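*Asks:* Number 217 in my numbering belongs to position 235 of the sequence shown; there are no gaps in the numbering. Note that the Cβ used here is the ideal one computed from N, Cα and C, for glycine as well. Keep in mind the model is a prediction, meaning the values are calculated, not measured. Before anything else, here's the structure in question.
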Amino acid sequence: MEGQQNSVPSLWLLALHWCLLLPLTESVTVVPWKPCTDLHPVDLLSRVLPHNGEALAGVRMVQEGGARGVQFFSPTQALTFPSSQLFINCPLFPAEFSIVATLKVPQIRVKRNEYLLAVVREDDNQLLLGLRFSKDKVHLIYRGSMGRERLSFKRIRLADNHWHSMVLAISGHHATLTLDCGIPLELVHKQPFPSDLSTDGSRFHIGSRRKWKGLFSGLLRQLVLLPGSDATSRVCPSSKPSLVELSVPTILSNLPAKSHMNDALLPPYETEVRVTLGSKPECTAAEQGQLWFDTLKRGLFLCDGAYWHSMLQEKDRLDYVDDYQDLYTTSETLDIELFQIPSVGLFAAMAHRANKPGSAIYRWIHGHFQLYQNISTFKAQAWKQFTIGRKIFLAVSNSVGPADGQREMSVIYRWSNKRLKFVRHQTLETHGARDWEAFHINNEAFLAVANHRTENGNHNINSVVYKWNPGTKTFEVNQTISTSGAYDWEFFTVGPYHFLAVANAFDGISTQIDSSIYIWLGGGFQLFQTIRTFGATDWEMFQIGNRVFLAVANGHMLCERGPSLYTINSTIYELDMTTKMFLKFQDIVTYSAVDWEFFSLGDEHFLVVANSYDGSSYSLNSVIYRWQGYEGFVPVHRLPTIGCSDWEFFTSEEGSYLMYSSAKTPLSKVFKLRIH
-17 MEGQQNSVPS LWLLALHWCL LLPLTESVTV VPWKPCTDLH PVDLLSRVLP HNGEALAGVR
43 MVQEGGARGV QFFSPTQALT FPSSQLFINC PLFPAEFSIV ATLKVPQIRV KRNEYLLAVV
103 REDDNQLLLG LRFSKDKVHL IYRGSMGRER LSFKRIRLAD NHWHSMVLAI SGHHATLTLD
163 CGIPLELVHK QPFPSDLSTD GSRFHIGSRR KWKGLFSGLL RQLVLLPGSD ATSRVCPSSK
223 PSLVELSVPT ILSNLPAKSH MNDALLPPYE TEVRVTLGSK PECTAAEQGQ LWFDTLKRGL
283 FLCDGAYWHS MLQEKDRLDY VDDYQDLYTT SETLDIELFQ IPSVGLFAAM AHRANKPGSA
343 IYRWIHGHFQ LYQNISTFKA QAWKQFTIGR KIFLAVSNSV GPADGQREMS VIYRWSNKRL
403 KFVRHQTLET HGARDWEAFH INNEAFLAVA NHRTENGNHN INSVVYKWNP GTKTFEVNQT
463 ISTSGAYDWE FFTVGPYHFL AVANAFDGIS TQIDSSIYIW LGGGFQLFQT IRTFGATDWE
523 MFQIGNRVFL AVANGHMLCE RGPSLYTINS TIYELDMTTK MFLKFQDIVT YSAVDWEFFS
583 LGDEHFLVVA NSYDGSSYSL NSVIYRWQGY EGFVPVHRLP TIGCSDWEFF TSEEGSYLMY
643 SSAKTPLSKV FKLRIH
């Protein structure tokens, strides 16, 4: 009875509480809980690959070992997407998740790490989460409450050139890795995976962590994020444990299986291939995977949907470099200009420091350079050869006047077919001129001079772009551009756009200044981009495939206070088609570099740098670098030089050569490139 009596007040109080609460709850909308992202498999690879099979810059599809995968050649912006596309309800990365990856990786160096994916914050480039592997480890890196955390699975050998499928599952303190549906390997971490890892302002990067360093070098077939659960039970067990499928992009899963000729099956993962003979056919998506045999060059080529790639053609490869010719000159030489005159031959114009007897032009005769013509110059800095119509011209940049107090005049010479010599055509007033650049835009001829400094030592002056007047047959001022100790102009074209880059070396106080790239718009050059350089002396533009690069030679680092530094980085930039800017691609240590020269032998590409001074000596090795794809340029040959000022590459009937000039000794040298 006592229990019943006590229950009455309790029920009455409960009813009263409910009545008081009811008016409040009627006005409150209860919002159901939602996860930050849908709890379904997210095919990360499909988000960056084109759905219609179109070619994607920096990506190639490859079929190996009975399966297709994609190979990455650059950390392009096309292989990224905003994290907000996945985490639509809130920016938090799931606290429980699994990642499924199917990959095939060749052997890699012991200390090299490669990224399968990375979540990187855009404003400060901070890594929020990354999945990477090394020769025998798999690492999950993430931003935890205590800073950067890492889970490492040891003795996991992915880099053996075989297909593997792995499932990484994370839940609280526990992490498991299952390779090829084998026995799971479990790790227990002191701290649980964070439940408050914000992805706000970040992007997913597939196959990299936004940098060339760590770029994935193998084939990637599948990369899936499954929020909220372990994907192992979804894909294992499997009849093909190394090629399990949770969500494979359509373009990689469609493999031909049946022949239309009969009911028999073709060999697994193979199909009929058509070989085209004769002249070069089109290579589009319709011809992808087809072969073309070039009957003239005896080469076999494969179409990847955009370009023909050589398969069996014999390629020229640089073997070693021979010391070929010592060319003794009357003075130190600051520049070499190589050019051909039809029906006459190959010439080398040498810009000599000494005024007497001036500069010299050499002609290639019977496999060697021989003196052909002397021209009066005044501390000549550079030569530039160009043609307008059928006329051949040669411009010299004189850096001083004929005598103290006299105006500095640079000269344009014209080739005389009658005299078979260069004769004076026009003089132009310049100011410490360091370089000429000649170019054509819309069938109009232009000539740009790099003015280095005025007679009173002011380096912040105008350089000039001249335009050819067909009526007077002379160059006239078209535009002036403000420069600071200008050393070099480089003109280049990308698609329909024309660019002019200036190497600014000194502003009167420091060499740490901006060099500028200009774009041709509305009849003149307008600023396109500035790049911080350090005593810049040269720009070299080159292309490898459809990729556009711009290399700067940094001479030395000098501030208002502090010593000069000559051992510094020179930098290669690549034109990023997404941002429409040149972005840093690779730094290379150089020693007061004054020139870059790009050249190709067969399918191999090279850069050679002119190292001139290391702070104590002019006797240095200049270096030839070879293009190694995702590794960039790597050194392959070192050539002894003295005060090297310029490199030029040329070919003749006798072979391929490199020629360098010295700003410290009256000796230039020709090297012969041995190829096999």
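#1: When the Cα of Pro76 is compared with those of Lys449, Leu429, Ser634 and Ser153, which residue comes out closest?
#2: Taking DSSP as the reference, what is the three-state secondary structure of Ser80?
#3: Would you call the CB atoms of Gly287 and Gln307 closer than 8 angstroms?
#4: CA-CA distance, Ser66 and Ser184?
#5: Mind checking which residues open and close the alpha helix (DSSP H) that includes Val87?
#6: Select from Ile323, Tyr344, Asn380 and Lys400 the residue whose C-alpha is nearest the C-alpha of Thr369.
#7: Exposed or buried, which one is Leu99 when buried takes at least 16 other CB atoms within 10 Å?
#8: Find the nearest neighbour of Arg529 within the set Leu85, Gly40 and Ala342, judged by alpha-carbon distance.
#9: List the residues that DSSP assigns as beta-bridge partners of Gln204.
#10: In this structure, how does DSSP classify Val326 when only helix, strand and coil are distinguished?
#11: Tell me whether Met128 is buried or exposed, calling it buried when 16 or more other Cβ atoms sit within 10 Å of its Cβ.
#12: Express the C-alpha separation of Ala49 and Val226 in angstroms, rounding to a whole number.
#13: Would you call the CB atoms of Ala415 and Gln367 closer than 8 angstroms?
#14: With distances taken Cα to Cα, identify the nearest neighbour of Pro452 among Trp471, Asn440, Phe428 and Gln508.
#15: Check Arg656 in the structure and name its three-state DSSP category.
#16: Given that a residue counts as buried once 16 or more other Cβ atoms are within 10 Å of its Cβ, and exposed if not, what is Asp628?
#17: Return the CA-CA distance between Asp212 and Trp274, expressed in angstroms with no decimal places.
#18: Can you check DSSP and say which residues form a bridge with Ala468?
#19: Between Gly637 and Ser466, what straight-line distance do the alpha-carbon atoms span, to the nearest angstrom?
#20: In whole angstroms, what separates the C-alpha of Cys265 from that of Lys646?
#21: By DSSP, does Gln270 sit in helix, in strand, or in coil?
#22: Return the chain-ordered list of same chain residues with a C-beta closer than 6 angstroms to the C-beta of Glu419, the five sequence neighbours on each side being excluded.
#23: Extract the residue ranges of the beta strand (DSSP E) inside the stretch 576 to 600, only unbroken runs of 3 or more that lie entirely within it.
#24: Given that a residue counts as buried once 16 or more other Cβ atoms are within 10 Å of its Cβ, and exposed if not, what is Arg435?
#25: Taking its Cβ as the centre, do 16 or more other Cβ atoms sit within 10 Å of Arg406, making it buried, or is it exposed?
#26: Can you tell me whether Val217 is helix, strand or coil according to DSSP?
#27: In the DSSP output, which residue or residues are listed as bridge partners for Cys72?
#28: Taking the beta strand (DSSP E) that Thr633 falls in, what are its first and last residues?
#29: For the alpha helix (DSSP H) containing Ser127, list its first residue and its last residue.
#30: State the DSSP-derived secondary structure class of Leu179, mapped to helix, strand or coil.
#31: Going by DSSP in three states, Ser643 sits in which element: helix, strand or coil?
#32: At which residues does the alpha helix (DSSP H) containing Ala235 begin and terminate?
#33: Quick check on DSSP: helix, strand or coil for Glu613?
#34: By Cβ distance below 8 angstroms, which residues in the same chain neighbour Asp496 in space, the five residues on each side in sequence not counted?
#35: For the beta strand (DSSP E) containing Gly51, list its first residue and its last residue.
#36: For Ala239, which residues of its own chain have a beta-carbon under 6 angstroms away from its beta-carbon, when the five flanking residues on both sides are left out?
*Replies:* Let me spell this out:
#1: Ser153
#2: strand
#3: no
#4: 8 angstroms
#5: First-last for Val87: undefined, no H or E at that position.
#6: Ile323
#7: buried
#8: Gly40
#9: Thr84
#10: coil
#11: exposed
#12: 11 angstroms
#13: no
#14: Phe428
#15: strand
#16: buried
#17: 47 angstroms
#18: Asn486
#19: 40 angstroms
#20: 51 angstroms
#21: coil
#22: Ala430, Trp471 and Phe473
#23: 586 to 593
#24: buried
#25: exposed
#26: helix
#27: Bridge partners of Cys72: none, in fact.
#28: Cys626 to Ser634
#29: Where Ser127 is concerned, there is no enclosing alpha helix (DSSP H), given that its DSSP letter is neither H nor E.
#30: coil
#31: strand
#32: The sequence given here places Ser at residue 235; Ala does not occur at that position. Ser235 -> alpha helix (DSSP H) spans Thr232 to Ser235.
#33: helix
#34: Asn486, Thr512, Ile513, Arg514 and Thr515
#35: Ala49 to Phe54
#36: Low confidence applies here, because Ala239 scores a pLDDT of 38, under 50, leaving its location unreliable and the question unanswered by this model.
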